[in-house]
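**Q** Numbering (my numbering), first residue to last: 4 to 321.
Got a structure for you, written out below as structure tokens; questions coming shortly.
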């Protein structure tokens with residue numbers, strides 16, 4: 004199933020997080036529940052997918068392949084794995100994991116699958132696959148694990164989760180579409196709650212949104228991507244001196260101000276190339292470039308190909 008996390012019509016410029024999510028292109032989606040019994044440990048191979056989980060009942064341990072300490076996940080908690088790397092889930096992290104698919108009696112998508120008799124732990128899981136060029140803009144700003152545990156306001160997430168599990172246990176007409184939308188909403192809520200936990204040491208454009216001054220500048224760039232912004236003008240939006248703004252932006256976002264603006268413009272350009280038949284020069288003009296050649300140069304430097312090559316490759320991939 005293909006979808007965007009947020010419908011893109013009339014959304015750009017509302018807020019930077021919604022802007023980015025509205026552009027994320029989904030190549031596929033699947034979801035299901037696991038009702039597991041006894042002692043267990045399952046491997047999940049690296050697949051590049053963005054996964055989101057909820058602990059419906061019981062508890063489990065999440066172990067990443069990077070050697071970091073296992074993370075305990077308790078009933079009612081949520082976690083997301085943005086980077087599609089190998090991981091395992093287990094009732095006890097000391098148990099050697101096996102391939103879960105060896106014990107499955109059929110596909111997981113769209114149902115609750117019982118393993119080992121069920122009854123000990125129940126999880127909901129959703130898997131999203133996105134176009135890499137769009138997903139990278141989001142996932143590069145995220146850590147290996149987003150864990151929404153104690154202390155977070157999870158009321159809305161639990162409402163969505165209850166409805167999803169009801170549909171998985173007793174499918175009804177339209178269940179697949181409703182489940183997909185609810186799972187997407189859960190993922191967005193996980194991202195929002197993660198953002199509220201941001202600390203001063205977090206780096207990435209997403210965490211700049213939790214900085215009152217920097218968020219004004221980021222919002223301005225998103226609202227008017229084609230304006231010929233200068234660092235001074237954006238510093239004024241943030242109510243900071245030019246030098247202090249440039250330094251804090253680089254420290255917080257990880258790239259210089261103008262580099263961020265160019266990246267955002269090229270993401271918008273890539274989206275326009277996919278969804279419209281606008282001439283390359285018109286897209287460049289919309290994004291503030293005085294000539295088509297200047298736009299093509301910037302696009303190729305950021306995306307690794309010319310706009311026309313990108314459009315042709317995307318049409319072939321579709």
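Beta carbons are placed, not taken as given, at the ideal position from N, Cα and C, and that holds for glycine.
Leaving out the 5 sequence neighbours to the left and right, which residues in its chain are closer than 6 Å to residue 287 when beta-carbon positions are compared?
**A** As a first step, residue 287 must be located in the chain shown, where it is residue number 284. Cβ neighbours of residue 287 beyond the five flanking positions: 295, 298.
**Q** If distances are taken between C-alpha atoms only, which option among 316, 315, 232 comes closest to residue 268?
**A** Here residue 268 is taken as the residue at index 265 of the chain shown, counted from 1. Cα-wise, what sits closest to residue 268 is 232.
**Q** Determine, using beta carbons only, whether residue 211 and residue 139 come nearer to each other than 7 Å.
**A** Here the question's residue 211 lines up with position 208 in the chain shown. Here the question's residue 139 lines up with position 136 in the chain shown. Contact flag unset, no.
**Q** Does the beta-carbon of residue 76 have 16 or more other beta-carbons within 10 angstroms, so that it is buried, or is it exposed?
**A** One-based indexing of the chain shown puts residue 76 at position 73. Buried, because 16 or more other Cβ atoms sit within 10 Å of the Cβ of residue 76.
**Q** In this structure, does DSSP put residue 206 in helix, strand or coil?
**A** Position 203 of the chain shown holds residue 206. Of the three classes helix, strand and coil, the one that applies to residue 206 here is coil, per DSSP.
**Q** Roughly how far, in whole angstroms, is the beta-carbon of residue 91 from the beta-carbon of residue 163, given that I think they are within contact range, below 8 Å?
**A** As a first step, residue 91 is located in the chain shown; it is residue number 88 there, counting from the start. As a first step, residue 163 is located in the chain shown; it is residue number 160 there, counting from the start. That belief does not hold up - the Cβ atoms of residue 91 and residue 163 are roughly 26 Å apart, past 8 Å.
**Q** Quick check: what's the CA-CA separation for residue 41 versus residue 156?
**A** In the chain shown, residue 41 corresponds to position 38, counting from 1. In the chain shown, residue 156 corresponds to position 153, counting from 1. Roughly 31 Å between the two C-alpha positions.
**Q** How do the stretch 238-252 and the stretch 215-225 stand: do at least 3 beta-carbon pairs fall below 8 Å, yes or no?
**A** With a cut-off of 8 Å, the stretch 215-225 and the stretch 238-252 count as touching, because enough Cβ pairs lie within range.
**Q** Can you pull the DSSP bridge partners for residue 99?
**A** Reading the chain shown from its first residue, position 96 is the one you call residue 99. Residue 99 pairs with nothing; no bridge assigned.
**Q** Please identify the residue among 174, 19, 152, 136 whose C-alpha is closest to the C-alpha of residue 34.
**A** For the purposes of this step, residue 34 is taken as residue 31 along the chain shown, with counting starting at 1. With distances taken between Cα atoms, residue 34 lies closest to 174.
**Q** Classify residue 124 as buried or exposed, calling it buried when 16 or more other Cβ atoms lie within 10 Å of its own Cβ.
**A** The residue you call residue 124 lines up with position 121 of the chain shown. Buried, by the Cβ-count rule.
**Q** Are residue 118 and residue 191 touching if we call contact CB-CB under 7 Å?
**A** Locating residue 118 in the chain shown gives position 115, where the first residue counts as 1. Locating residue 191 in the chain shown gives position 188, where the first residue counts as 1. Their beta carbons are not under 7 Å apart, which means residue 118 does not touch residue 191 by this criterion.
**Q** For the stretch 72-145, list the beta strand (DSSP E) runs that are entirely contained and at least 3 residues long, ordered along the chain.
**A** Qualifying beta strand (DSSP E) stretches, in chain order: 74-76, 81-84, 90-93, 115-118, 124-133.
**Q** If distances are taken between C-alpha atoms only, which option among 242, 285, 187, 31 comes closest to residue 52?
**A** As a first step, residue 52 is located in the chain shown; it is residue number 49 there, counting from the start. Ranking the options by Cα distance to residue 52, first place goes to 31.
**Q** According to DSSP, what are the bridge partners of residue 166?
**A** Against the chain shown, residue 166 aligns to sequence position 163. Answer is none; residue 166 lacks a bridge partner.
**Q** Mapping the DSSP letters down to three states, classify residue 38 as helix, strand or coil.
**A** If you number the chain shown from 1, residue 38 lands on position 35. DSSP places residue 38 in strand when its eight states are reduced to three.
**Q** Between residue 64 and residue 144, is the Cβ-Cβ spacing less than 7 Å?
**A** The residue labelled residue 64 in the question sits at position 61 within the chain shown. The residue labelled residue 144 in the question sits at position 141 within the chain shown. No, Cβ-Cβ distance for residue 64 and residue 144 is not below 7 Å.
**Q** Looking at residue 57 and residue 193, is the spacing between their C-beta atoms short of 7 Å?
**A** Taking the chain shown and counting its residues from 1, one reaches residue 193 at position 190. Taking the chain shown and counting its residues from 1, one reaches residue 57 at position 54. No, Cβ-Cβ distance for residue 193 and residue 57 is not below 7 Å.
**Q** With a Cβ-Cβ cutoff of 7 Å, do residue 228 and residue 170 count as a contact?
**A** Mapped onto the chain shown, residue 228 falls at position 225. Mapped onto the chain shown, residue 170 falls at position 167. No, they are not a contact pair.
**Q** May I have the straight-line CA-CA distance separating residue 198 from residue 213, to the nearest angstrom?
**A** What you label residue 198 is simply residue 195 of the chain shown in a count that begins at 1. What you label residue 213 is simply residue 210 of the chain shown in a count that begins at 1. Using only the alpha carbons, I get a separation of about 7 Å.
**Q** Excluding the 5 residues flanking residue 238 on each side, which residues of the same chain have their C-beta closer than 6 Å to its C-beta?
**A** Taking the first residue of the chain shown as position 1, residue 238 is located at position 235. Only 245, 248 meet the Cβ criterion.
**Q** If you draw a straight line from the C-alpha of residue 11 to the C-alpha of residue 22, how long is it?
**A** Taking the first residue of the chain shown as 1, we reach residue 11 at position 8. Taking the first residue of the chain shown as 1, we reach residue 22 at position 19. Any reading at residue 11 must be qualified, since the residue scores a pLDDT of 46, below 50, and its modelled position is unreliable; no value is offered.
**Q** Measure how close the beta-carbons of residue 270 and residue 224 come, nearest whole angstrom, since I'm counting them as under 8 Å.
**A** For this step, residue 270 is matched to residue 267 along the chain shown. For this step, residue 224 is matched to residue 221 along the chain shown. So it is not a contact: roughly 12 Å between Cβ atoms.
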